[in-house]
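Asker:
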Amino acid sequence: MDILETLKWRGLFADCTDLEGLTERLSKAPLTLYCGFDPTADSLHVGHLVPLIALRRFQDLGHHPIALAGGATGSIGDPSGKSAERQLLTREQLNHNIAQV
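Those letters in the sequence shown? Residues 1105 to 1205, per our numbering, in order.
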């Protein structure tokens, strides 16, 4: 079973704008892929485990995953559809959280 079929089987992959192109690209050479985490706390939570495991599955197949703790959305706030805005963090808070994550 290839990586896309594995992710589909596990309910982690629902749709793709160019499935044929992605499948072809995955067969040619390792990809570099990333998943970003907002440093709004000084630790990750269980909800972050799913994308981290997906990155690991790609890594186990020779791809190059990057887990990124980004400061931009943490510093400007990104409520992602929530009704309340995220409280803005200071640069010091962001740096602390990034170092801890």
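Note that the Cβ used here is the ideal one computed from N, Cα and C, for glycine as well.
Just so it is clear, the structure is predicted and the values come from calculations on it, not from any experiment.
With a threshold of 16 other CB atoms inside 10 Å of the CB of N1199, please say whether the residue is buried or exposed.
Answerer: exposed
Asker: Which residue wins for smallest C-alpha separation from L1193, given the options Q1204, A1176 and V1205?
Answerer: A1176
Asker: Nearest by alpha-carbon distance to S1131: which of Q1197, G1166 and Q1204 is it?
Answerer: G1166
Asker: By DSSP's criteria, H1167 is part of a beta bridge. Which residues make up the other side?
Answerer: Beta-bridge pairing links H1167 to no other residue.
Asker: Run through DSSP, which three-state label would A1203 get?
Answerer: helix
Asker: Below 8 Å between beta carbons: does that hold for A1145 and N1201?
Answerer: yes
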